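Residue numbers (UniProt numbering): 1 to 78.
Think of the CB as a built atom: it goes at the ideal place given N, C-alpha and C, for glycine as much as any other residue.
Note that the coordinates shown come from a computational prediction; the quantities given were computed from them, not determined experimentally.
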Amino acid sequence: MERAEPATADLSQAAWRRSSRSGNNGGECVEVAGGLPHVVAVRDSKNAAGPVLVFRSDDWSDFLRAVKSGALPGRPST
Numbered sequence: 001m002e003r004a005e006p007a008t009a010d011l012s013q014a015a016w017r018r019s020s021r022s023g024n025n026g027g028e029c030v031e032v033a034g035g036l037p038h039v040v041a042v043r044d045s046k047n048a049a050g051p052v053l054v055f056r057s058d059d060w061s062d063f064l065r066a067v068k069s070g071a072l073p074g075r076p077s078t
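Right, dumping it as structure tokens:
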């Protein structure tokens, strides 16, 4: 498996949006910032100043496709 080098992304213009699957009880909330050049950023909404995961846009699209198709173990298809 190819090992990725750490990278940085300019998130100063990121427009964060909360997942529609996030509950209203304040737990397990995920925010995603798309519209960035070549990347998608993901963070925990309870810790907006905390760490951010940054994925290549095509990798994020592949992940979403796998989730929606039910291809990931233990996940029902949507």
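Taking the C-alpha atoms as reference points, what is the distance between residue i and residue j?
i      : j      : result
Ala-71 : Ser-57 : 19 Å
Pro-51 : Gly-74 : 26 Å
Ala-9  : Ala-48 : 16 Å
Arg-21 : Phe-55 : 20 Å
Leu-36 : Leu-11 : 8 Å
How would you label residue i, buried or exposed, when you count the other beta carbons within 10 angstroms and need 16 or more for buried?
i      : result
Arg-43 : buried
Ala-33 : buried
Ala-14 : buried
Does the beta carbon of residue i come closer than 8 Å to any beta carbon on chain D?
i      : result
Val-67 : Checking the listed chains, one finds no chain D in this structure; it contains a single protein chain.
Report all residues from its chain with a CB closer than 7 Å to the CB of residue i; omit the five preceding and five following residues, and keep chain order.
i      : result
Arg-3  : none
Trp-60 : Val-40
Arg-18 : Cys-29, Glu-31, Ser-45
With DSSP collapsed to three states, give me the class of residue i.
i      : result
Asp-62 : helix
Given residue i, which residues of its chain have a CB within under 6 Å of its CB, disregarding the five upstream and five downstream residues?
i      : result
Ala-66 : Leu-72
His-38 : Ser-57
Leu-53 : Val-42
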